[in-house]
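Scroll down for the structure; my scribbles are underneath it.
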Amino acid sequence: MDISSILQGGYQHPLSRSWQGRRTLTKSMLMYPIFITDDPDARVEIKSLPGQCRWGVNKLEEFLGPLVKKGLKSVILFGVPLKCNKDEKGTPADDPEGPVILAIKKLRTLYPDLYIACDVCLCEYTSHGHCGFLNPDGTIDIEPSVTRIAQVALSYAKAGAHCVAPSDMMDGRIKAIKRALIDGGYGNRCTLMSYSAKFASALYGPFRDAAGSAPAFGDRKCYQLPPAAKGLARRAITRDVNEGADIIMVKPSLPYLDIIADAAELAPDHPLACYQVSGEYAMVCAGAAAGVYDLRVMAFETVESMVRAGATLILTYFTPQFLDWLEA
Ligand SMILES: NCc1[nH]cc(CCC(=O)O)c1CC(=O)O
Ligand SMILES: [Zn+2]
Ligand SMILES: [Zn+2]
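Quick note on this note's numbering: the sequence shown kicks off at 5 and runs consecutively.
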């Protein structure tokens with residue numbers, strides 16, 4: 005055999021195999037999405053997301069304490085209000101007594117070293133379930149939407165969030181949030197992570213079930229990107245870099261690895277996040293339950309592919325398992 009034919013000599017040992025990826029997965033690259041509800045004592049399993057629950061503020065210590073001990077470094081909070089009065093403008097989003105703001109404060113006290121990111125959106129709080137304000141004809145009323153989203157982001161920063169992450173996909177919101185953070189005195193102490201390339205995906209189903217945030221009518225195709233839109237995704241990434249995003253995110257992950265690679269090329273100097281969303285998680289679990297593959301092997305394969313594509317931060321519901329698996 006020719007010298008140039010031989011590759012296997014370089015990866016015959018587990019250690020030499022680990023040298024073949026330019027980056028390897030570590031615990032600090034994992035961010036755990038968690039659902040906080042407004043019943044303070046709740047611990048309610050989410051059927052479509054095996055192993056995940058909606059948690060009340062009083063249960064956060066029993067939930068996260070063991071994970072922090074295992075090396076959990078960061079979480080991203082999603083509010084799941086079940087009792088509040090949702091309205092056209094998403095008023096409950098920054099209610100000082102609402103579950104998200106209470107959870108930020110509680111977690112800052114309980115775990116001073118835990119990095120707390122907060123999803124920012126209106127869909128969990130609007131009566132119509134859309135991510136912005138609506139005109140009478142059902143289209144998005146963009147200017148007031150962006151103003152309101154920036155206001156909510158600043159409220160989370162003031163409550164103590166280390167990072168705000170707008171997932172609404174409204175044009176101009178990164179610039180507006182950055183401005184609001186700067187004017188509010190948080191420009192240099194709160195990270196702005198943009199869901200920059202967020203596609204209109206069928207993979208959000210379990211999340212909408214978990215968060216009760218499915219739109220009451222219509223869909224999100226006027227603000228989330230069409231799955232085939234590589235060009236739009238690239239423009240959105242560049243736009244958000246120029247508007248002041250500190251971290252760029254691609255969502256979902258596995259069907260969009262080319263977009264992650266594009267983002268790594270377009271924003272090489274920014275941390276690059278990807279979100280292994282609820283439907284991706286549910287698919288990996290379902291395939292394992294059906295005997296198609298081993299859960300752990302498949303979970304690693306998906307996440308290592310994201311790292312290979314260029315991700316430096318991964319939002320995944322598998323975080324608790326990875327904290328165990330990465331121990332060995
Ligand atoms: N602001 C909406 C939002 N925030 C988080 C997710 C999805 C997260 C997941 O599926 O895990 C979505 C998607 C959507 O409903 O359009
Ligand atoms: Zn959201
Ligand atoms: Zn939304």
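Where a beta carbon is used, it is the ideal one built from N, C-alpha and C, also for glycine. Since the model is a prediction, treat every value here as computed from it, not as a measurement.
So leucine 327 is in the alpha helix (DSSP H); what residue range does that whole segment cover?
Counting along the chain, the alpha helix (DSSP H) containing leucine 327 begins and ends at 323 to 329.
Alpha-carbon to alpha-carbon, cysteine 194 and leucine 185:
Spanning the two alpha carbons is a distance of roughly 8 Å.
Short Cβ contact (8 Å threshold) for leucine 29 with valine 288
Going by C-beta atoms, leucine 29 is not nearer than 8 Å to valine 288.
Any heavy atom of ligand 3 closer than 7 Å to the beta-carbon of leucine 126?
In this structure, ligand 3 has a non-hydrogen atom nearer than 7 Å to the beta-carbon of leucine 126.
For the beta strand (DSSP E) that glutamate 247 lies in, which residues bound it at each end?
No beta strand (DSSP E) holds glutamate 247; DSSP gives it neither H nor E.
Cβ pair isoleucine 251, cysteine 278 closer than 8 Å:
Contact: no.
The segment 172 to 184 touching the segment 194 to 212, judged by at least three CB pairs closer than 8 Å
Touching, yes.
Evaluate the contact criterion for the segment 113 to 125 versus the segment 63 to 80: three or more CB pairs, one atom per stretch, below 8 Å.
Using a Cβ-Cβ distance cut-off of 8 Å, the segment 113 to 125 and the segment 63 to 80 are in contact, since at least three pairs of beta carbons, one from each stretch, lie closer than that value.
Closer than 7 Å: leucine 138 CB and nearest ligand 1 heavy atom:
Because no heavy atom of ligand 1 lies under 7 Å away, the Cβ of leucine 138 does not count as near it: no.
Is aspartate 123 helix, strand or coil by DSSP?
DSSP places aspartate 123 in strand when its eight states are reduced to three.
Pick from Asp273, Lys234, Asn246, Pro272: whose alpha carbon is nearest that of lysine 255?
Ranked by Cα distance from lysine 255, the options Asp273, Lys234, Asn246, Pro272 are led by Lys234.
CB-CB under 7 Å to phenylalanine 72, same chain, minus the five flanking residues each way: which ones, in chain order?
Correcting the residue identity first, residue 72 is valine in this sequence and not phenylalanine. So the list reads Tyr115, Leu118, once near-sequence residues are dropped.
Is it true that the segment 54 to 74 meets the segment 9 to 22, where meeting means three or more beta-carbon pairs spaced less than 8 Å apart?
Under the Cβ criterion (8 Å, minimum of three pairs), the segment 54 to 74 does not count as touching the segment 9 to 22.
Hey, quick one: how far does the alpha helix (DSSP H) through valine 104 stretch, first residue to last?
Note, valine 104: alpha helix (DSSP H), 103 to 114.
Alpha carbons only, please: which of Ala220, Gly83, Ile146, Gly164 is nearest the one belonging to lysine 110?
Put simply, of Ala220, Gly83, Ile146, Gly164 the residue whose alpha carbon is nearest the alpha carbon of lysine 110 is Gly164.
Within the chosen definition, does the segment 148 to 161 reach the segment 98 to 107 through at least 3 CB pairs nearer than 8 Å?
At 8 Å Cβ cutoff, the stretches touch.
Phenylalanine 137 (DSSP reduced to helix, strand or coil)
The three-state reading of DSSP puts phenylalanine 137 in coil, since its state is none of H, G, I, E or B.
Per DSSP, which residues does valine 254 bridge with? Please list them.
Bridge partners of valine 254: Ala201, Cys278.
Where the alpha helix (DSSP H) containing phenylalanine 67 begins and where it ends:
Segment 64 to 73, the alpha helix (DSSP H) holding phenylalanine 67.
Return the Cβ separation of phenylalanine 322 and tyrosine 285 in integer angstroms, given the expectation that the two are a contact with Cβ distance under 8 Å.
With a beta-carbon spacing of about 7 Å, phenylalanine 322 and tyrosine 285 fall inside the 8 Å limit used to define contacts.
Which whole-angstrom value is the C-beta distance of leucine 86 and glycine 209, which I expect to be below 8 Å?
About 19 Å; that fails the 8 Å criterion.
Run through DSSP, which three-state label would proline 37 get?
Residue state, collapsed to three classes: strand.
Assuming proline 44 and glycine 60 form a contact by the criterion Cβ under 8 Å, report the distance between their Cβ atoms to the nearest whole angstrom.
Going by Cβ atoms, the distance from proline 44 to glycine 60 rounds to 4 Å, so yes, they are a contact pair.
Host alpha helix (DSSP H) of proline 272 (start-end)
Under the DSSP assignment, proline 272 falls outside any alpha helix (DSSP H); it carries neither an H nor an E label.
Spatially closest choice to proline 272 from Leu261, Val245, Ala293, Ala154, by CA coordinates
Ranking Leu261, Val245, Ala293, Ala154 by CA distance to the CA of proline 272 puts Val245 first.
Please indicate yes or no: does the CB of aspartate 172 lie closer than 7 Å to some heavy atom of ligand 3?
Yes, the beta carbon of aspartate 172 sits closer than 7 Å to at least one heavy atom of ligand 3.
Who are arginine 47's beta bridge partners in DSSP?
DSSP lists Trp59 as the bridge partner or partners of arginine 47.
Would the beta-carbon of threonine 130 fall within 8 Å of that of glutamate 92?
Contact: yes.
Out of curiosity, what's the CA-to-CA distance linking glutamine 155 and aspartate 98?
About 8 Å.
In the DSSP output, what is threonine 242 paired with across the bridge?
For threonine 242, which the question treats as bridged, DSSP gives no partner whatsoever.
Distance cut-off 7 Å: serine 309 Cβ against heavy atoms of ligand 1:
Because no heavy atom of ligand 1 lies under 7 Å away, the Cβ of serine 309 does not count as near it: no.
At a threshold of 7 Å, does cysteine 135 count as lining ligand 1 (C-beta to nearest heavy atom)?
Cysteine 135: yes, Cβ under 7 Å from ligand 1.
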